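Novice: Quick one: the structure is below, questions incoming.
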Amino acid sequence: MERSTKTAHLNSVISALIYAVTYLVATWLLKHRVFSQPISVIIALMPIITFSIFILKYIKSFSVMDEVKQRVQLEAVVIGLSLTVILVMLLFLLSLCDISNPAWFGYANLVIYCWFFYFIGWFISRRRYGV
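What follows is the structure, given as structure tokens:
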């Protein structure tokens, strides 16, 4: 059982790293190179595919976690999602007032904030449960 736990966790981490690399590469390519529209769409879809694979591996790793670790992950996701929704609502309302800065809060930055909020939730939950 210990071996399957480590394998599932490792698969999840590797999938996350592959997603991060494909996201960064696709962002760089689409920002700094000019491609035809079909090629641009294919490049834009690559991180979506790798993220989907990561999510499937992440969900699969839940099946080998104990209940406390599952609870920590669930709370981290809930906290991260809640903070993301608050940020998106705030940005929308500020944009209605013409008070927004796309350089700090553009679409690309929202992905970074989502991960940042997840890790805030993860640290809070780990500390709460002493894991």
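Our numbering puts the sequence shown at residues 1142 to 1272.
Ideal placement from N, C-alpha and C gives every residue a C-beta, glycine not left out.
None of the values given here were measured: they were computed from a predicted structure.
Along the chain, where does the alpha helix (DSSP H) containing residue 1242 start, and where does it finish?
Specialist: Neither: residue 1242 is in no alpha helix (DSSP H) and is coded neither H nor E.
Novice: Residue range of the alpha helix (DSSP H) that residue 1229 falls in?
Specialist: Segment 1208-1237, the alpha helix (DSSP H) holding residue 1229.
Novice: For the alpha helix (DSSP H) containing residue 1192, list its first residue and its last residue.
Specialist: From DSSP, the alpha helix (DSSP H) with residue 1192 extends over 1178-1203.
Novice: What are the boundary residues of the alpha helix (DSSP H) that includes residue 1252?
Specialist: It spans 1248-1270 - the alpha helix (DSSP H) in which residue 1252 sits, taken as one unbroken run.
Novice: Would you call residue 1213 buried or exposed, if buried means 16 or more other Cβ atoms sit within 10 Å of its Cβ?
Specialist: Per the 10 Å Cβ criterion, buried.
Novice: Our contact map puts residue 1201 next to residue 1149 with C-beta atoms below 8 angstroms; I'd like the distance itself, whole angstroms only.
Specialist: So it is a contact: roughly 6 angstroms between Cβ atoms.
Novice: Secondary structure at residue 1175, three-state DSSP: helix, strand or coil?
Specialist: The answer is coil: DSSP assigns residue 1175 none of H, G, I, E or B.
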